[in-house]
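Chemist: I'd like to ask you about the structure that follows.
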Amino acid sequence: MKLWEGLEQDLNYNTMVSQRGVVNLYHSDAQRDAYARRGNMMRIHGIDAELLDEAGIRKHAPFLDFDNARFPIRGGLLQKRGGTARHDAVVWGYARAADTRGVDIIQNCEVTGLIIEGGVIKGVETTRGTIRAKKVGLAVAGNSSRLGEMAGLRLPIETCILQAMVTEGIKPLIPGVITFGAGHFYISQSDKGGLVFGGDIDAYKSYAQRGNLPVIEDVCEGAMAVMPMLGRLRVLRQWAGNVDMTMDGSPIIDKTPVEGLYFNGGWCYGGFKATPASGFTFAHLIARDAPHKGAVALRLDRFATGHVVDENGQGAQANLH
Amino acid sequence: MRISCPYCGERDAEEFSIQGEAAGPRPEGGGIEAFHAYVHLRANEYGPTKEYWYHANGCRRWLVVSRDTRDHSILGVELARR
Numbered sequence: 041m042k043l044w045e046g047l048e049q050d051l052n053y054n055t056m057v058s059q060r061g062v063v064n065l066y067h068s069d070a071q072r073d074a075y076a077r078r079g080n081m082m083r084i085h086g087i088d089a090e091l092l093d094e095a096g097i098r099k100h101a102p103f104l105d106f107d108n109a110r111f112p113i114r115g116g117l118l119q120k121r122g123g124t125a126r127h128d129a130v131v132w133g134y135a136r137a138a139d140t141r142g143v144d145i146i147q148n149c150e151v152t153g154l155i156i157e158g159g160v161i162k163g164v165e166t167t168r169g170t171i172r173a174k175k176v177g178l179a180v181a182g183n184s185s186r187l188g189e190m191a192g193l194r195l196p197i198e199t200c201i202l203q204a205m206v207t208e209g210i211k212p213l214i215p216g217v218i219t220f221g222a223g224h225f226y227i228s229q230s231d232k233g234g235l236v237f238g239g240d241i242d243a244y245k246s247y248a249q250r251g252n253l254p255v256i257e258d259v260c261e262g263a264m265a266v267m268p269m270l271g272r273l274r275v276l277r278q279w280a281g282n283v284d285m286t287m288d289g290s291p292i293i294d295k296t297p298v299e300g301l302y303f304n305g306g307w308c309y310g311g312f313k314a315t316p317a318s319g320f321t322f323a324h325l326i327a328r329d330a331p332h333k334g335a336v337a338l339r340l341d342r343f344a345t346g347h348v349v350d351e352n353g354q355g356a357q358a359n360l361h
Numbered sequence: 032m033r034i035s036c037p038y039c040g041e042r043d044a045e046e047f048s049i050q051g052e053a054a055g056p057r058p059e060g061g062g063i064e065a066f067h068a069y070v071h072l073r074a075n076e077y078g079p080t081k082e083y084w085y086h087a088n089g090c091r092r093w094l095v096v097s098r099d100t101r102d103h104s105i106l107g108v109e110l111a112r113r
């Protein structure tokens with residue numbers, strides 16, 4: 041979060057970081073207890089978290105349907121410093137800053153193979169020639185298994201598609217991000233005014249970058265359940281992106297069995313929010329050949345040894361979360 | 032996406048639920064490495080793949096569906112057998 045807060049100054053680029061809060065709604069005593077526990081865990085680690093009751097949520101987001109018959113809103117967990125950023129601007133800002141600092145970014149250049157001699161990485165083959173290197177980092181969201189296969193690795197990853205939708209632009213309505221976990225639905229508002237929302241992944245493996253209608257229907261049902269006013273809006277566009285789902289719902293930032301080859305991937309549907317931390321800890325791993333203290337648990341071999349990360353708490357198969 | 036069930040004919044994929052890659056029978060006596068590979072590791076093919084699908088809202092039979100992960104086309108369906 042602190043990396044996000046300093047990002048615009050660091051990159052000298054307006055990435056539209058907008059810290060208007062992220063709230064997770066709860067609907068029952070059991071969910072409240074779970075969120076209280078999550079909030080306490082966050083605070084122990086020095087992260088802001090505030091458990092709001094129904095009155096608190098009514099003040100924060102008065103437009104929600106509090107009296108839904110199945111999921112009446114009883115409160116929520118608020119992280120006040122969370123929020124939104126413009127994803128294009130984050131990419132542009134990083135690209136420009138990296139270029140300014142001497143990084144070569146080669147566009148329209150596909151990696152076709154990895155050069156490995158005696159278990160040590162020597163470089164990459166591309167459609168525009170060979171690049172020799174002593175260290176290679178794999179950070180290829182949506183294609184981790186394809187690149188892993190080039191190194192002879194079989195990864196604990198399934199690639200699925202996550203759909204999102206944007207409505208026509210309206211006046212400022214939604215503060216920050218609201219998640220309705222019980223209905224598998226989240227929503228925020230872009231600075232242009234469009235409401236951005238989504239929900240479940242399509243549970244089957246796919247690289248197609250387009251989804252199917254049942255999930256769209258499910259997401260829109262979630263929307264209508266928590267914010268009936270959304271029924272008045274038109275969806276302008278909809279898309280799907282490839283997401284690499286790991287077996288425990290947490291990412292992998294680790295060395296691989298190939299010496300000099302490092303892997304960062306399996307961010308499931310939550311990669312964007314971790315962009316600065318992901319890059320920072322991956323750079324640390326590559327530069328020092330040892331994991332950053334914030335990423336020691338994100339090991340590649342944790343599934344074999346039983347040290348899975350229980351952050352998602354939903355089981356050991358990608359289609360469960 | 033529509034799947035041609037051998038019993039029910041072509042049906043919407045919404046009637047089915049997916050189990051995952053058709054990885055074959057569990058490895059008996061293969062040791063921890065074999066079990067780790069069976070439970071956690073995936074081929075995650077870019078292109079044709081075989082998966083177990085369950086026709087939950089139909090004949091309730093398990094199927095092996097061959098599907099292309101690049102464009103969702105269904106290449107073949109057969110009944111799952113051990």
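In order, the protein sequence lines correspond to chains A and B.
If you read the first sequence in the numbering used here, its first letter stands for residue 41, the second for the next number, and so on.
If you read the second sequence in the numbering used here, its first letter stands for residue 32, the second for the next number, and so on.
For glycine and all other residues, C-beta sits at the position ideal for the given N, C-alpha and C.
Just so it is clear, the structure is predicted and the values come from calculations on it, not from any experiment.
Between the beta-carbon of A:Leu202 and the beta-carbon of A:Gly234, is there less than 8 Å?
Modeler: Contact annotation: A:Leu202 and A:Gly234 have beta-carbon atoms that are not nearer than 8 Å.
Chemist: Alpha carbon to alpha carbon, how far is A:Ser228 from A:Ala210? Give it in angstroms, no decimals.
Modeler: Going by the sequence as given, residue 210 of chain A is Ile instead of Ala. Cα-Cα distance, rounded: 12 Å.
Chemist: Nearest-angstrom Cα distance between B:Glu109 and B:Arg91?
Modeler: 14 Å
Chemist: Determine whether the Cβ of B:Asn75 lies closer than 8 Å to any Cβ atom of chain A.
Modeler: yes
Chemist: Comparing the CB of A:Ser230 with every heavy atom of the ligand GTP, is any distance shorter than 7 Å?
Modeler: The ligand GTP is absent from the structure shown, which contains no ligands of any kind.
Chemist: Between B:Glu45 and chain A, is there a C-beta pair that is closer than 8 Å?
Modeler: yes
Chemist: Return the residue from the list B:Asn75, B:Gly89 and B:Arg57 that minimises the CA-CA distance to B:Thr100.
Modeler: B:Asn75
Chemist: Excluding the five sequence neighbours on either side, which residues of its own chain have a C-beta within less than 7 Å of the C-beta of A:Tyr75, listed in chain order?
Modeler: Hits under 7 Å: Asn64, Tyr66, Leu91 and Leu117.
Chemist: With a floor of 3 residues, list each beta strand (DSSP E) that falls wholly inside the segment 35-82 of chain B, ordered by position along the chain.
Modeler: 40-43 and 48-52
Chemist: Could you tell me the distance, in whole angstroms, from the CA atom of A:Ile155 to the CA atom of A:Leu104?
Modeler: 55 Å
Chemist: Does B:His86 have its Cβ less than 8 Å from a Cβ in chain A?
Modeler: No, B:His86 lies away from the interface with chain A (no Cβ there is under 8 Å from its Cβ).
Chemist: To the nearest angstrom, how far is it from the Cα of A:Ile97 to the Cα of A:Arg77?
Modeler: 19 Å
Chemist: Along chain B, which residues have their Cβ under 7 Å away from the Cβ of A:Ile197?
Modeler: Taking a Cβ-Cβ cut-off of 7 Å, the neighbours of A:Ile197 in chain B comprise Arg73 and Asn75, given in sequence order.
Chemist: When you compare the segment 292-301 of chain A with the segment 271-278 of chain A, are there three or more beta-carbon pairs, one atom per stretch, that lie closer than 8 Å?
Modeler: Touching, no.
Chemist: For A:Glu261, which option in A:Thr55, A:Asp93 and A:Arg110 has the closest C-alpha, if you only look at C-alpha atoms?
Modeler: A:Arg110
Chemist: Report back the beta-carbon spacing between A:Arg121 and A:Glu94 to the nearest angstrom; my notes put them in contact at under 8 Å.
Modeler: Rounded, the Cβ-Cβ distance is 23 Å, inconsistent with contact.
Chemist: Strictly under 8 Å for the Cβ-Cβ distance: is B:Arg101 near chain A by that measure?
Modeler: yes
Chemist: For the segment 289-317 of chain A, list every residue whose C-beta sits within 9 Å of some C-beta in chain B, in sequence order.
Modeler: none
Chemist: Determine whether the Cβ of A:Arg186 lies closer than 8 Å to any Cβ atom of chain B.
Modeler: yes
Chemist: Is the separation between the beta-carbon of A:Ala101 and that of A:Pro254 shorter than 8 Å?
Modeler: no
Chemist: Output the boundary residues of the beta strand (DSSP E) element that contains A:Phe383.
Modeler: Because chain A spans 41 through 361 in this model, residue 383 of chain A falls outside it and cannot be assessed.
Chemist: Name the DSSP beta bridge partners of A:Lys295, please?
Modeler: A:Tyr302
Chemist: Nearest-angstrom Cα distance between B:Glu46 and A:Phe322?
Modeler: Going from the Cα of B:Glu46 to the Cα of A:Phe322 covers about 42 Å.
Chemist: Measuring only between beta-carbons, confirm whether A:Lys162 sits less than 8 Å from chain B.
Modeler: no
Chemist: What residues in its chain sit with their C-beta under 7 Å from that of A:Gly133, if we drop five residues either side in the sequence?
Modeler: Leu51, Tyr53 and Thr55
Chemist: Between the segment 189-213 of chain A and chain B, which residues of the former have a C-beta closer than 8 Å to a C-beta of the latter?
Modeler: Under the 8 Å Cβ criterion, the segment 189-213 of chain A contributes Arg194, Leu195, Pro196, Ile197, Glu198 and Thr199.
Chemist: With DSSP as the reference, label A:Thr152 as helix, strand or coil.
Modeler: strand
Chemist: For B:Ile34, decide whether its Cβ has a neighbour in chain A, counting only Cβ atoms nearer than 8 Å.
Modeler: No, because no Cβ of chain A sits closer than 8 Å to the Cβ of B:Ile34.
Chemist: Where do the ends of the beta strand (DSSP E) carrying A:Ile201 lie?
Modeler: For A:Ile201, the uninterrupted beta strand (DSSP E) run begins and ends at Ile197 to Gly209, by DSSP.
Chemist: So the alpha helix (DSSP H) A:Val255 belongs to, where does it begin and stop?
Modeler: Leu253 to Val266
Chemist: Looking at the secondary structure, which residues open and close the beta strand (DSSP E) in which A:Ala344 lies?
Modeler: Careful: A:Ala344 lies outside any beta strand (DSSP E), inside the alpha helix (DSSP H) at Arg342 to Thr345.
Chemist: The alpha helix (DSSP H) with A:Asp93 in it runs from where to where?
Modeler: A:Asp93 -> not in any alpha helix (DSSP H); beta strand (DSSP E) instead, spanning Glu90 to Asp93.
Chemist: Which whole-angstrom value is the C-beta distance of A:Asp258 and A:Asp242, which I expect to be below 8 Å?
Modeler: About 10 Å separates the two Cβ atoms, so there is no contact after all.
Chemist: Return the residue from the list A:Lys313, A:Gln278, A:Ala327 and A:Trp307 that minimises the CA-CA distance to A:Leu340.
Modeler: A:Trp307
Chemist: Using only CA atoms, which one of A:Lys245, A:Ser68, A:Val266 and A:Arg342 lies nearest to B:Gly78?
Modeler: A:Lys245
Chemist: Between the C-alpha atoms of B:His32 and A:Ile84, what's the straight-line distance to the nearest angstrom?
Modeler: Per the sequence shown, residue 32 of chain B should be read as Met rather than His. The straight-line gap from Cα to Cα measures roughly 46 Å.
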